[in-house]
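Residue numbers (the numbering used here): 3 to 348.
Glycine is no exception: its CB is placed at the ideal position from the N, C-alpha and C atoms.
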Amino acid sequence: MKTTFSVLALVAGLSTAAHAQDLTGEITLGAYTGVFQDEYTKAVIAPFEAAHPGVKVNYASDRASSGLLGQLRAQASDPQMDVVLFDVSTALIGNKEGLLSPITTEEVPNLADLAPEAIVQEGYGPAVTFDHEVMVYNTEAVKTAPTSLEVLWDPTYKGKIAATSMPSILGTGLMIMTSKMLGEDYTQSVEKSVAKLAELAPSVQTFDPKPDSYTLVLNGTVDISTGWNARAQYYFDQSNGKQGVVTPAEGTILQKNTINLVANAKNPELAKAFINYALSPEAQTAFTNAMYYSPTNTKATPSEEALKRTLFGKLDTTLPLDWGWVATQNDRWNAMWKREIISAGN
3 MKTTFSVLAL VAGLSTAAHA QDLTGEITLG AYTGVFQDEY TKAVIAPFEA AHPGVKVNYA
63 SDRASSGLLG QLRAQASDPQ MDVVLFDVST ALIGNKEGLL SPITTEEVPN LADLAPEAIV
123 QEGYGPAVTF DHEVMVYNTE AVKTAPTSLE VLWDPTYKGK IAATSMPSIL GTGLMIMTSK
183 MLGEDYTQSV EKSVAKLAEL APSVQTFDPK PDSYTLVLNG TVDISTGWNA RAQYYFDQSN
243 GKQGVVTPAE GTILQKNTIN LVANAKNPEL AKAFINYALS PEAQTAFTNA MYYSPTNTKA
303 TPSEEALKRT LFGKLDTTLP LDWGWVATQN DRWNAMWKRE IISAGN
């Protein structure tokens with residue numbers, strides 16, 4: 003049996019190698035700009051191209067998921083991207099509008115090894131990274147590391163807070179986390195959290211941090227801000243600890259970046275091969291070690307340091323959140339942010 007298995011494994015390996023040699027051509031990946039582009043190119047794209055010398059992966063960048071969705075809509079009759087990576091709520095919109103194509107485990111085998119939380123909509127693009135919402139703070143200004151979301155309401159930091167509002171999902175997350183802090187079930191009502199955030203508004207220097215909240219914290223413009231763990235951990239390293247990172251004791255939301263096949267992609271087979279590689283344990287491990295996004299493939303093996311600074315293996319500690327249901331509330335919640343929260347700071 004052992005000999006038979008070895009022969010079968012060898013044949014399968016040769017078949018896979020032969021198929022790998024068949025991969026040629028170009029695809030365009032749409033994804034985030036900045037440090038994400040730099041690190042994703044090194045950790046995922048470059049190794050894929052090295053394994054397939056006849057392949058070129060072009061990178062079409064945008065600052066936000068909304069911009070990538072806008073590009074897809076504008077190119078609907080003649081797509082210029084083959085694969086797009088953006089957040090879960092945007093992926094659901096793209097699926098609904100027919101801008102993205104279904105994929106199967108036969109076409110993308112690594113789908114079989116993903117955590118259940120990675121499935122966004124059955125048959126469509128899954129999560130390629132997990133992230134979670136945190137508070138970031140300037141360790142020179144905030145001497146004692148905060149533990150609770152309550153620190154945002156501490157009068158010590160009035161005028162030195164940055165909090166990204168909706169329509170960013172950072173704003174969605176902040177509202178849901180505030181509901182949890184107040185003992186409110188956000189699926190039934192967000193009235194308490196909206197009122198509490200309205201109380202915070204006069205202390206907030208900006209609800210729309212530009213260029214980003216991490217820079218504002220690092221240059222001392224603000225002391226505390228909301229942010230995403232992966233980038234916050236990256237800047238913690240880059241700043242030698244000047245920017246601190248904390249997951250609030252009240253809990254956090256799980257954010258998902260999805261990887262999707264574009265409808266009517268010009269090179270769908272190569273696009274699916276790239277998606278499969280991006281979901282592989284090797285690629286997932288490399289990117290997690292580089293930038294602290296938690297992998298979605300359960301067979302990934304992040305470093306001990308990355309394990310300590312991500313939610314890998316701890317997804318059950320996040321607040322329950324159905325992004326599909328949240329999408330049905332977005333318009334109403336957006337209006338509440340504008341009318342009741344942001345206006346309270348004026």
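Closest Cα partner of residue i within the set the options
i	options	result
Lys98	Asn336, Ile105 and Gln123	Gln123
Lys274	Gly127, Ala147 and Gly69	Gly127
Pro118	Lys316, Val196 and Ser215	Lys316
Ser241	Glu109, Tyr139, Thr319 and Ser305	Tyr139
Tyr61	Gly222, Lys44 and Thr290	Lys44
Tyr295	Leu116, Ser191, Trp230 and Ile255	Trp230
Asp239	Asp214, Pro213, Glu186 and Arg311	Arg311
Gly69	Pro49, Tyr34, Val59 and Ala53	Tyr34
Gly185	Asp324, Pro213, Gly253 and Gly125	Gly253
Ala232	Phe276, Glu135, Ser305 and Gln77	Glu135
Ala288	Asn348, Pro49 and Val110	Pro49
Leu281	Ile121, Thr208 and Ala147	Ile121
C-alpha gap between residue i and residue j, whole angstroms
i	j	result
Phe314	Tyr279	19 Å
Glu41	Ile29	19 Å
Met183	Ser67	28 Å
Val219	Ala143	10 Å
Ser17	Gly173	Note that Ser17 scores a pLDDT of 36, beneath 50, so its modelled location is shaky and nothing firm can be said.
Gln331	Asp24	46 Å
Ser181	Ser79	42 Å
Asp210	Lys340	12 Å
Ala337	Gly175	16 Å
Pro283	Gly161	44 Å
Ala11	Asn112	Only weak support is given to the placement of Ala11: the predicted model assigns it a pLDDT of 36, under 50, and the value that follows is read from those uncertain coordinates. Whole-angstrom Cα-Cα distance: 18 Å.
Val37	Asp133	15 Å
Pro104	Ser205	45 Å
Ser170	Thr189	19 Å
Lys301	Pro55	26 Å
Glu165	Ser191	Looking at the sequence provided, one finds Ala at residue 165 rather than Glu. Going from the Cα of Ala165 to the Cα of Ser191 covers about 21 Å.
Gln257	Thr26	33 Å
Gly222	Glu108	51 Å
Ala52	Ala285	13 Å
Ala267	Gln77	11 Å
Supposed contact pair residue j and residue i - C-beta distance, whole angstroms, cut 8 Å
i	j	result
Val130	Thr298	6 Å
Gln82	Ser63	Not a contact, Cβ separation roughly 13 Å.
Leu94	Gly326	6 Å
Trp335	Met179	The pair is not a contact, with the Cβ atoms about 14 Å apart (cut-off 8 Å).
Met177	Val248	The pair is not a contact, with the Cβ atoms about 19 Å apart (cut-off 8 Å).
Ala251	Ala346	Incorrect: roughly 26 Å between the Cβ atoms, too far for contact.
Thr141	Gly243	6 Å
Beta carbon of residue i nearer than 8 Å to that of residue j
i	j	result
Gln245	Tyr216	yes
Val46	Leu272	no
Thr320	Ile255	yes
Val196	Ile344	no
Leu71	Thr92	yes
Segment contact, 8 Å Cβ cut-off, at least three pairs: the segment 251-264 with the segment 75-92 = yes
With a cut-off of 8 Å, do at least 3 Cβ pairs link the segment 138-153 to the segment 221-232?
-> yes
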